[in-house]
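To keep things clear, I will list the structure first and then write my remarks on it.
Below, the structure written as structure tokens:
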């Protein structure tokens, strides 16, 4: 049944000259369940890596973060903020003590939907930094969680912004503007 519905949507998009508008109520209702499932998976981030790395961190937003680490080049599997799923390489170092800290880290995408970034900073991080961009950033400024590693490293974070997006999504309000649309299937 699920395959039939999906194929029907694809056929509709391919053969109809009057596809539903991105903001139409019909489209929102048709994609309601898939979008709520995506929103549910967005509320957490997980990363597992292996390589020459040492790290310990606890955080309740980037401002309240304690820890540090050095990574000489680890291979990682990601399920991250802004629906970044895939494999990448990381290298760098950082330390943080509440609001103060320094960082020089870089990530390279190797497969999947992860995004490259290079973060170099000293001082207090702010949410207006490009890496924390609300819609396009590679990291969530407001995340809560931690990381621990010695050769094998794991990160687990909860994304409170996504909690709100999930809650408002039930009312057909897409705060993060990340809901699937028909045009995502009809390219």
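In this note's numbering, the protein residues as written are 59 to 245.
Beta carbons: idealized from backbone N, C-alpha and C, even for Gly.
| Item | Value |
| --- | --- |
| Sequence-distant residues of the same chain with beta carbon closer than 6 angstroms to residue 72, five excluded per side | Residue placement at residue 72 is poorly supported in this model, since its pLDDT is 47, which falls under 50; the coordinates are not used for a value here. |
| Three or more C-beta pairs below 8 angstroms linking the region 117-128 and the region 149-161 | yes |
| Proximity below 8 angstroms, CB of residue 139 to CB of residue 217 | yes |
| Status (buried if at least 16 other CB within 10 Å, exposed otherwise) for residue 183 | buried |
| Touch test, the region 221-241 against the region 80-97, Cβ-Cβ under 8 angstroms, three pairs minimum | yes |
| Sequence-distant residues of its chain with Cβ nearer than 6 angstroms to residue 143 (five each side left out) | 137, 170, 171 |
| Rounded straight-line distance, which links the Cα of residue 95 to that of residue 77 | Low local confidence applies: a pLDDT of 39 at residue 77 is under 50, so the model's placement there is unreliable, with the coordinate-based value given in what follows. Approximately 24 angstroms, taken between the alpha carbons. |
| The beta strand (DSSP E) enclosing residue 197, as first and last residue numbers | It is not in any beta strand (DSSP E) - residue 197 carries neither H nor E in the DSSP assignment. |
| Outcome for residue 168 when other beta-carbon atoms lying within 10 angstroms are tallied against a minimum of 16 | exposed |
| Check whether residue 213 and residue 203 have beta carbons under 8 angstroms apart | yes |
| Rounded straight-line distance, which links the Cα of residue 162 to that of residue 209 | 19 angstroms |
| Residue 148 classed as buried or exposed, judged by whether at least 16 other C-beta atoms fall within 10 angstroms | buried |
| Whole-angstrom C-beta distance between residue 220 and residue 97, which should lie under 8 angstroms | 7 angstroms |
| Inter-residue spacing [alpha-carbon to alpha-carbon] between residue 200 and residue 131 | 26 angstroms |
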